[in-house]
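Peer 1: In our numbering, the protein residues as written are 73 to 457. Cβ coordinates follow ideal geometry from the N, Cα and C atoms, glycine included. If you're wondering where the values come from, they're calculated on a predicted model, not measured in any experiment.
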Ligand SMILES: Cc1cc2nc3c(=O)[nH]c(=O)nc-3n(C[C@H](O)[C@H](O)[C@H](O)COP(=O)(O)OP(=O)(O)OC[C@H]3O[C@@H](n4cnc5c(N)ncnc54)[C@H](O)[C@@H]3O)c2cc1C
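1) Are the segment 95-114 and the segment 139-150 touching by the rule of at least three beta carbon pairs closer than 8 Å?
2) Classify residue 346 as helix, strand or coil using the three-state DSSP reduction.
3) State the beta-bridge partners of residue 299 as determined by DSSP.
4) Helix, strand or coil: how does DSSP classify residue 424 here?
5) Based on Cα-Cα distance, which residue from 404, 222 and 239 lies nearest to residue 325?
6) Could you tell me the alpha carbon to alpha carbon distance between residue 76 and residue 293, rounded to whole angstroms?
7) Can you give me the C-alpha to C-alpha distance between residue 420 and residue 196, rounded to a whole angstrom?
8) Go through the segment 305-345 residue by residue and report every complete run of the alpha helix (DSSP H) that reaches 4 residues or more, in order.
9) Leaving out five residues before and five after residue 346 in sequence, what residues of the same chain have Cβ atoms less than 6 Å from its Cβ?
10) Using a 10 Å radius around the Cβ and a threshold of 16 neighbouring Cβ atoms, would you call residue 115 buried or exposed?
11) Is the beta carbon of residue 260 closer than 8 Å to that of residue 220?
12) Quick one, which of 265, 275, 351 and 278 has its alpha-carbon nearest residue 314's?
13) Going along the chain, which unbroken runs of the beta strand (DSSP E) with 3 or more residues stay wholly within the segment 111-190?
14) What is the DSSP secondary structure of residue 293, reduced to helix, strand or coil?
15) Is the beta carbon of residue 377 within less than 7 Å of some heavy atom of ligand 1?
16) Do residue 364 and residue 125 come within 8 Å of each other at the CB atom, strictly closer than that value?
17) Alpha carbon to alpha carbon, what distance is there between residue 350 and residue 390?
18) Does the structure place the segment 229-240 close enough to the segment 326-335 that three or more beta carbon pairs sit under 8 Å?
19) Might you give, ordered along the chain, the residues of its own chain that have their beta carbon closer than 8 Å to the beta carbon of residue 300, omitting 5 neighbours on each side?
20) Could you tell me the alpha carbon to alpha carbon distance between residue 96 and residue 112, rounded to whole angstroms?
21) Following a CB-centred definition, is residue 206 positioned closer than 7 Å to any heavy atom of ligand 1?
22) Starting from residue 410, follow the alpha helix (DSSP H) in both directions and report where the run begins and ends.
23) So does the segment 408-422 actually touch the segment 164-178, counting three or more Cβ pairs closer than 8 Å?
24) Quick check on residue 98: does DSSP put it in helix, strand or coil?
25) So, for residue 303: in the same chain, excluding its five sequence neighbours on each side, which residues have a beta-carbon less than 7 Å away from its beta-carbon?
26) Going by the CB atoms, is the gap between residue 227 and residue 252 shorter than 8 Å?
27) So the beta strand (DSSP E) residue 365 belongs to, where does it begin and stop?
28) Give me the residue from 128, 385, 89 and 94 with the minimum Cα distance to residue 110.
29) Can you list, in chain order, the residues of its chain whose CB lies under 7 Å from that of residue 117, leaving out five sequence neighbours each side?
30) Within 10 Å of its beta-carbon, does residue 87 have 16 or more other beta-carbons around it, so buried, or fewer, so exposed?
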């Protein structure tokens with residue numbers, strides 16, 4: 073079997089899989105639990121399309137516009153349902169109201185997350201909310217192309233590499249398509265996620281997961297697991313072993329450590345994420361229910377934001393403010409030696425024990441928040457100077 077690109081660089085965006093005219097490419101899970109394209113030489117006709125549409129080989133051009141806002145939906149109910157300021161929900165509702173389609177990540181069976189296309193606001197809850205695991209694209213780019221071909225409007229939301237994959241696959245920037253990418257820490261392994269759910273649901277399978285549920289403090293900083301027997305587990309992020317391992321980069325995809333799709337200039341129309349420093353820079357918007365950072369990259373992005381502006385509280389901001397506490401906007405996270413240790417122990421030992429060992433704070437590791445803040449600000453000043 074042959075590959076499309078060096079494994080370390082492959083983001084799993086599925087552009088090659090969607091573009092292959094003879095279905096010679098299949099996506100196969102590797103030993104770390106991520107999907108990679110494999111070319112069947114018996115079927116391959118050497119047309120070169122797979123490499124031509126690979127956004128790592130040929131990076132789509134970045135848009136020129138640069139505007140940043142701190143935003144939050146006015147409607148409190150909406151903000152309770154979204155991960156940060158519910159900007160995605162407003163963009164999606166507007167697209168559906170105009171008769172368009174929306175594509176985003178949805179749960180798809182036990183421990184599976186996959187991109188789907190919806191055409192009705194009743195299905196919006198399926199794609200709303202963040203899912204901290206790599207979402208499978210499948211053949212959804214082909215369905216988007218078909219819809220655009222019929223003149224339908226489409227709003228696509230995903231990670232930076234998925235937006236780049238879609239744009240490379242399409243080979244153009246149709247006026248009917250609006251793309252939204254996320255500020256992204258990196259994507260965790262779907263197989264590790266599946267294993268974690270199996271262990272959590274030892275007594276009764278996990279039926280539903282909320283990654284940014286409201287915790288006991290009222291903040292959206294908890295994980296909610298609902299088991300089939302009706303029992304509910306609510307864990308603060310700092311207590312949940314899966315999210316701890318995710319944030320300590322134990323099982324991120326290799327390509328995430330040198331992500332080519334970060335920065336304040338992107339090929340998407342808008343970038344959304346959490347405005348972690350809203351308390352410092354935009355205190356009027358901060359009420360504990362989440363504030364979104366929105367970066368506009370194109371006129372299409374600006375127009376999409378203008379349409380939802382009446383339903384938003386917003387303030388002009390700067391990219392440096394948005395990146396404060398949130399460096400993932402502009403740079404990839406660092407590799408850690410613990411990742412290799414995780415993978416050498418995973419599947420041989422009890423997952424919970426491995427996570428417990430590797431995520432435990434080392435002596436002297438706990439730091440004062442103020443000293444971390446000062447270090448983060450110093451770094452950011454360097455990045456934006
Ligand atoms: C793996 C991952 C890492 C992230 N890291 C950061 C970070 O470091 N800093 C930060 O500010 N924000 C990060 N985010 C984004 C953040 O969690 C929110 O999704 C974002 O702020 C949008 O919030 P919202 O309320 O507007 O929309 P939401 O309703 O939360 O989400 C909207 C859309 O996000 C997309 N989405 C959700 N899960 C996935 C997924 N697994 N793969 C691809 N697309 C997905 C979907 O298409 C969904 O429709 C990350 C998200 C993911 C999935």
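Peer 2: Walking through what the data contain:
1) no
2) strand
3) 278
4) Annotated three-state conformation of residue 424 is helix, per DSSP.
5) 404
6) 39 Å
7) Each residue's alpha carbon lies about 39 Å from the other.
8) You should have 313-319.
9) 156
10) exposed
11) no
12) 265
13) 139-145, 173-179 and 185-190
14) coil
15) Outside the cutoff, so no.
16) Cβ distance not < 8 Å, so residue 125 and residue 364 don't count as in contact.
17) 11 Å
18) The segment 326-335 makes contact with the segment 229-240: 3 or more CB pairs, one atom from each, lie closer than 8 Å.
19) 273, 276, 277, 278 and 279
20) Here the alpha carbons of residue 112 and residue 96 stand approximately 5 Å from one another.
21) yes
22) That run of the alpha helix (DSSP H) goes 409-417.
23) no
24) If DSSP states are grouped into helix, strand and coil, residue 98 belongs with the strands.
25) 276
26) Yes; because the gap between Cβ atoms is below 8 Å, this pair is in contact.
27) 364-368
28) 89
29) 94
30) Buried, since its Cβ has 16 or more Cβ neighbours within 10 Å.
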